[in-house]
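Visitor:
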Amino acid sequence: MIVIDADGCPVVNLTLDIAQRFGVKCCVVADTSHSFDFGDKAEIITVSKGADSADFRIVNLIKNGDIVITQDYGLAAMCLAKTDCVLNQNGLIYSQNNIDSLLAQRHISKKIRRAGGRTKGPAKRTAEQDEKFSKALISILKKRTLV
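Numbering (the working numbering), first residue to last: 135 to 281.
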């Protein structure tokens, strides 16, 4: 199953289309500030607004072998304790080898912002990012169908 952290995720529809081609179930998790209708492409789980409520629902939902799509490093770290396949909206595969440095980077940026500094936000999404994400997800799904 693919579980998508849909809060601010730019690749929900792209993920659902790819999953459908491979016959993989999807579950979209978001808080009440989002409304989705994907027909039969995905199960939708709506959680109450609140700090990390969607994150905790995702962690409780997943099991080993599931694929998680999130741009949240904290959620990615928690998911890596339960499954080996977590990736972001740009195709970056989170792993035990890179999650600590990503969390440290996030912490430093947060400290800069708290001190009144500014950190660079994400650039406008490009077609190349969608392509890189698609290739990463397709590669993962192809490997899993061969096993």
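Yeah, the Cβ is synthetic: ideal placement off N, Cα and C, and Gly gets one too.
Nearest-angstrom Cα distance between Q230 and G173?
Guide: 35 Å
Visitor: Give the DSSP bridge partners of V137, in chain order.
Guide: V137 is bridged to C161, V202.
Visitor: Would DSSP call V193 helix, strand or coil?
Guide: helix
Visitor: Excluding the 5 residues flanking F156 on each side, which residues of the same chain have their C-beta closer than 6 Å to its C-beta?
Guide: L275
Visitor: Suppose you measure from the CA of A176 to the CA of N147; what does that come to, to the nearest Å?
Guide: Near 10 Å, if we compare the C-alpha coordinates of N147 and A176.
Visitor: Which residues does DSSP list as the beta-bridge partners of T149?
Guide: Beta-bridge pairing links T149 to no other residue.
Visitor: Where does T279 sit, in a helix, a strand or coil, going by DSSP?
Guide: helix
Visitor: Measure the C-alpha to C-alpha separation of V281 and I227 and round it to an integer number of angstroms.
Guide: With a pLDDT of only 45 at V281, under the threshold of 50, the placement of this residue in the model should not be trusted; the figure read from the coordinates follows. Rounded to the nearest whole angstrom, the C-alpha separation of V281 and I227 is 19 Å.
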